[in-house]
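> Questions regarding the structure given below will be posed in turn.
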Amino acid sequence: LHSECQKQMNDLIVEFDRHASQVQQNRVFVPQGNPGKNGFCDFVLDPHHCATGIQLSSGNKACYLQEAGYCFRTVIGSVPMTSGIYYWEIHADPRTENELKIGVSSERNFNLNTAFCDYDFGWAFYGLGQLRHGNNSSGPKFGKPFKNTGILGVCLDMNKVQHLTNLREV
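Take 3 as the starting number for the sequence shown in the working numbering and just add one per residue.
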């Protein structure tokens, strides 16, 4: 299964790279084969669904959390991803002091001053190289660690409910 997932991720990266010159950074790529959703869609972070302390910038396409202590906060995106395959990339911020949790949530209304994946409605890749779902302290090993360098490619297949990641060193 892992090799099949890795092949799918590599195919999406190749397709994404073919089209990347046509778009601005921070757009979500929706591959061919998604009914009515070919190409790219605009993706921004929702300032109305953003935890305390998260600073949005670049037209709500970037965020940063200056931490006083080790904590997790949530910001929700603007694009509902209910079916189809989606691919996006996250460019690390060198100021980041702690690992991120990156993923999806089936709920928008919860305490955003917590990590979305601590709940049963959230699924995440945790920058320590783990998956998280409904648990704030442990999860199975997955992928490579990601913190403040590199580009993290994320593939979400809502048809199969798969969340894949691939770290590209910069």
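Note that beta-carbon positions come from the ideal geometry of N, C-alpha and C, so glycine has one too.
It should be emphasised that the depicted structure is a prediction, and the values quoted were computed from it without experimental measurement.
When you compare each of Asn138, Ser80, Ile153, Arg134 to Phe177 by their alpha carbons, which one comes out closest?
Since the displayed the chain opens at 3 and closes at 172, residue 177 lies outside it and no answer follows.
> With C-beta atoms as the reference, is Lys103 less than 7 Å away from Ala126?
Reading the sequence shown from its first residue, position 101 is the one you call residue 103. Reading the sequence shown from its first residue, position 124 is the one you call residue 126. The answer is yes: Cβ separation under 7 Å.
> Taking contact to mean 3 or more Cβ pairs, one atom from each stretch, closer than 8 Å, check whether the segment 59-68 and the segment 81-89 are in contact.
No, the segment 59-68 is not in contact with the segment 81-89.
> Can you grab the Cα-Cα spacing for the pair Gln26 / Leu154, in whole Å?
Translated into positions along the sequence shown, residue 26 becomes position 24. Translated into positions along the sequence shown, residue 154 becomes position 152. Per-residue confidence for Gln26 stands at a pLDDT of 42, beneath the threshold of 50, marking its modelled position as unreliable; the derived number appears in the next sentence. Roughly 17 Å separates the two Cα atoms.
> Is Cys65 helix, strand or coil by DSSP?
What you label residue 65 is simply residue 63 of the sequence shown in a count that begins at 1. In the structure shown, Cys65 sits in a strand (DSSP, three-state: E or B).
> If you reduce the DSSP assignment to three classes, tell me which class Asp159 lands in.
Locating residue 159 in the sequence shown gives position 157, counting from the first residue. Looking at Asp159 - three-state DSSP - the assignment turns out to be strand.
> Put Asp122 into one of helix, strand or coil per three-state DSSP.
Translated into positions along the sequence shown, residue 122 becomes position 120. Looking at Asp122 - three-state DSSP - the assignment turns out to be coil, as it is neither helix nor strand.
> How should Ala70 be labelled, buried or exposed, when 16 other C-beta atoms within 10 angstroms of its C-beta is the threshold for buried?
Numbered from its first residue, the sequence shown carries residue 70 at position 68. It counts as exposed.
> Should Tyr128 be labelled buried (16 or more other beta-carbon atoms within 10 Å of its own) or exposed?
One-based indexing of the sequence shown puts residue 128 at position 126. With 16 or more Cβ atoms within 10 Å of its Cβ, Tyr128 is classed as buried.
> What residues in its chain sit with their C-beta under 8 Å from that of Gln57, if we drop five residues either side in the sequence?
Here residue 57 is taken as the residue at index 55 of the sequence shown, counted from 1. Same-chain partners within the cutoff: Cys65, Tyr66, Leu67, Gln68.
> If you count every other CB in all the chains shown that lies within 10 Å of the CB of Asp44, and 16 or more means buried, which is it?
Locating residue 44 in the sequence shown gives position 42, counting from the first residue. By the 10 Å Cβ count, Asp44 comes out exposed.
> Suppose contacts are defined by Cβ-Cβ distances below 7 Å. Is Leu130 in contact with Pro147 by that definition?
What you label residue 130 is simply residue 128 of the sequence shown in a count that begins at 1. What you label residue 147 is simply residue 145 of the sequence shown in a count that begins at 1. Closer than 7 Å, so yes.
> Can you name the start and end residues of the beta strand (DSSP E) that Ser59 belongs to?
Reading the sequence shown from its first residue, position 57 is the one you call residue 59. Per DSSP, Ser59 belongs to the beta strand (DSSP E) from 56-59.
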